[in-house]
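When we follow this note's numbering, the leftmost residue of the sequence shown carries the number 22, and every step to the right adds one. C-beta: ideal position from N, C-alpha, C; glycine also. Worksheet for the structure shown next.
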Amino acid sequence: MRNIAVWFEIPVKDMERARLFYGNVLGYDLPVQDLGGVLMAFFPMAGHGNSGALVQSDGYEPCQRGTVVYLNAGEDLAESLERIEPAGGRIVVPKTKITDEYGHFALFRDPEGNLVGLHSAK
């Protein structure tokens, strides 16, 4: 079976602010590339796995509603969740158990206003 989702893009207005926020919360360096006027900061990808990027470009607007992307927060999302508010985000739904099988989730608003989720097994 293959994963149905393969790529996501989170729209931003201030690339540096967003790159620093996500890098701080998730513990990653997000390198920025200018692809012909489209700025993209890429999340890490293992092999041919699923990943995505922060995107700053005409037509990309941060939004308060719509599809929610859930980011892998590692073994326990509590560590990433603790870094959200100091980094400028806001926790909307605290760490919440889904089921033993499906793990835990939390929701937050990034400094751009996007609603984003975290997921972990514990």
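In its chain, beyond the 5 residues on either side, R104, A108 have a beta carbon closer than 7 Å to the beta carbon of N45. The continuous alpha helix (DSSP H) containing I105 extends over residues 99-105. The beta carbon of A94 sits closer than 6 Å to the beta carbons of S101, L139, S141 from its chain, once the five residues preceding and following it are set aside; these are given in chain order.
With a cut-off of 8 Å on Cβ pairs, the region 79-90 is not in contact with the region 62-70, counting fewer than three such pairs.
Each residue's CA atom was taken as its position, placing A99 and R111 some 14 Å apart.
Secondary structure at L47: helix, using DSSP grouped into helix, strand and coil.
With a cutoff of 7 Å on beta-carbon distance, E37 and G73 are scored as not near each other. V33 is positioned such that its CB atom lies closer than 7 Å to that of A39. Scanning the region 43-97 from its first residue to its last, no whole alpha helix (DSSP H) run of 4-plus residues comes out.
Comparing alpha-carbon positions, the option among Y123, H69, E133 lying closest to K143 turns out to be Y123. Per DSSP, the continuous beta strand (DSSP E) segment holding K118 begins and ends at 111-120.
By the 16-neighbour rule on beta-carbons within 10 angstroms, N135 is buried.
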